[in-house]
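Numbers in our numbering are just positions in the sequence shown, counted from 1, shifted up by 375. Below is one structure; the comments refer to it alone.
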Amino acid sequence: MGSQWVGMGRSLMALDIFRNSMEECRKALEPFGVNLLDLIMNGSEDSLKSIVAPFICIAAVQVALTDLLFSMGIKPDGIVGHSLGEGSCAYADGCHTRRETMLSAYFRGQSVVDSNVGPGKMAAVGLTWEEAREQCPAGVIPACHNAVDSVTISGSAKEMTKFIEALSARGVFVKEVNSNNVSYHSHFMEPVSARLKAALDKHLTSNKPRSKKWVSTSLPEHMWDSPIAHYAKGDYQANNLRSPVLFYEGLQKVPKNALLLEVAPIGLLQPVMKRTVGPDCISVGLQKRNHDKNLELFFTALGK
């Protein structure tokens, strides 16, 4: 969450492969009364305030970008995802079809809606993982380990508001994440993850195991050979929703001279990727927020 913006993906609809991929994503969601292309082409700030819309729009852009890259012969030697991004990793790794990837994103959001969880908040803070674990009060937890000194915290709206104020008063960097008042990657997601697993167990039929090139960021390394890690099925994705995002740990597996492509509506993770992997890597974002020439930006980025 946080990479959604009104107009994401519109510029690339001029490309046949991207547009056709988006149309297939639309068809996957049509039975649920969702008009994906209307959200992409005519969406507003209000439409992205719903729980489901950001998930499906982000996932569709990631899927269509993946199809576009694959059509150009650009295929990854390694795959790392952040939060919702692991759903698109399943597509890039060949574990899920385009339809299954979109249904995973849809049910991720719909499970939150149906569970009616209490209001929450998320925020990126300038703390180490250890500092966050020590300082977070009851009701607030470290949710995403983004970089050495960057952690996303998650929790109840009341406790998060108080903790954010306390951190700001101390001069600690704090930036709230647009999570639509939901505290993802926390124990508040337990009832949601149960609904998500039940829904995905009904709708996901692909049986291809995860490959070794997909580095999990929802399971600690000591669990990478456990049964839950073998497939990107309902239990894996339910665990992703309620567990911390170990993105920093995942980036430790990336070669220091790697070429990193951030396949997303914006290059949200560019700063932490560059800092973590190191100066010898080339890290490229393919799209920018509120940029009216993202088609040109895409090809310029690939030229790097």
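Virtual Cβ for every residue (Gly too), placed ideally from N, Cα, C.
request  = Helix, strand or coil for residue 521, going by three-state DSSP, please let me know.
outcome  = Position 146 of the sequence shown, counted from the start, is the residue given in the question as residue 521. Strand.
Would you mind listing the alpha helix (DSSP H) stretches within the region 574 to 615 that are 4+ residues and don't spill past its ends, in chain order?
602 to 605
Inset, instruction - Closer than 7 Å by C-beta to residue 504: which residues in its own chain qualify, once you throw out the five before and the five after it? Chain order, please. - result: The residue given as residue 504 occupies position 129 in the sequence shown. Excluding residues within five positions, the ones whose Cβ falls inside 7 Å are 517, 520, 526.
Practice task
Return yes when the Cβ of residue 634 is within less than 8 Å of the Cβ of residue 608, no when it is not.
Solution key: One-based indexing of the sequence shown puts residue 608 at position 233. One-based indexing of the sequence shown puts residue 634 at position 259. No, they are not a contact pair.
From this set, 496, 593, 415, which residue's C-alpha is nearest residue 439's C-alpha?
Position 64 of the sequence shown, counted from the first residue, corresponds to residue 439. Answer by Cα proximity: 415.
* In three-state terms, what does DSSP make of residue 637? -> Residue numbering aside, residue 637 sits at position 262 when the sequence shown is read from its first letter. Correct three-state label for residue 637: strand.
Please give me, in chain order, every unbroken run of the alpha helix (DSSP H) with length at least 4 that falls completely inside the region 392 to 464. 411 to 417, 427 to 446
Review point. Alpha carbon to alpha carbon, what distance is there between residue 585 and residue 652?
Key: As a first step, residue 652 is located in the sequence shown; it is residue number 277 there, counting from the start. As a first step, residue 585 is located in the sequence shown; it is residue number 210 there, counting from the start. Approximately 23 Å, taken between the alpha carbons.
Exercise. Taking residue 499 as the reference, give the member of 553, 453, 460 with the closest Cα.
Key: In the sequence shown, the residue the question calls residue 499 occupies position 124. Nearest C-alpha to residue 499: 553.
- Using alpha carbons as the reference points, say which of 380, 587, 445 lies closest to residue 418. In the sequence shown, the residue the question calls residue 418 occupies position 43. Nearest C-alpha to residue 418: 380.
**Item:** CB-CB length for residue 411 against residue 431, believed under 8 Å
**Value:** For this step, residue 411 is matched to residue 36 along the sequence shown. For this step, residue 431 is matched to residue 56 along the sequence shown. Sure, about 6 Å apart at Cβ, within 8 Å.
request  = Quick one: grab the DSSP three-state call for residue 472.
outcome  = Locating residue 472 in the sequence shown gives position 97, where the first residue counts as 1. Three-state result, residue 472: coil.
| Hey, out of 514, 617, 587, 523, whose CA is closest to residue 559's CA? | Looking up residue 559 in the sequence shown gives position 184. When only C-alpha atoms are compared, the closest one is 617.
### Message
Using 8 Å as the threshold, is the C-beta distance between residue 563 and residue 495 below it?
### Response
As a working note, residue 563 is residue 188 in the sequence shown. As a working note, residue 495 is residue 120 in the sequence shown. Yes, they are a contact pair.
query = What's the call for residue 627, buried or exposed, on a 16-neighbour Cβ count within 10 Å?
reply = Against the sequence shown, residue 627 aligns to sequence position 252. Its Cβ having fewer than 16 others within 10 Å, residue 627 is exposed.
(message) Assuming residue 496 is part of the beta strand (DSSP E), what are its boundary residues?
(response) Residue 496 sits at position 121 when you count from the first residue of the sequence shown. Where residue 496 is concerned, the enclosing beta strand (DSSP E) stretches over 495 to 500.
message: Considering only DSSP beta bridges, list what residue 527 is partnered with.
response: As a working mapping, residue 527 is identified with position 152 in the sequence shown. 499, 519.
Tell me which same chain residues have a C-beta within less than 7 Å of the C-beta of residue 666, skipping the five on either side of it?
Here residue 666 refers to the residue found at position 291 of the sequence shown. Contacts found: 672.
Measuring CB to CB, does residue 592 end up less than 8 Å from residue 636? The residue given as residue 592 occupies position 217 in the sequence shown. The residue given as residue 636 occupies position 261 in the sequence shown. For the pair residue 592 and residue 636, the CB atoms are not nearer than the 8 Å cut-off.
What's the gap between the Cα of residue 408 and the Cα of residue 492?
-> Position 33 of the sequence shown, counting from 1, holds the residue named residue 408. Position 117 of the sequence shown, counting from 1, holds the residue named residue 492. Using only the alpha carbons, I get a separation of about 23 Å.
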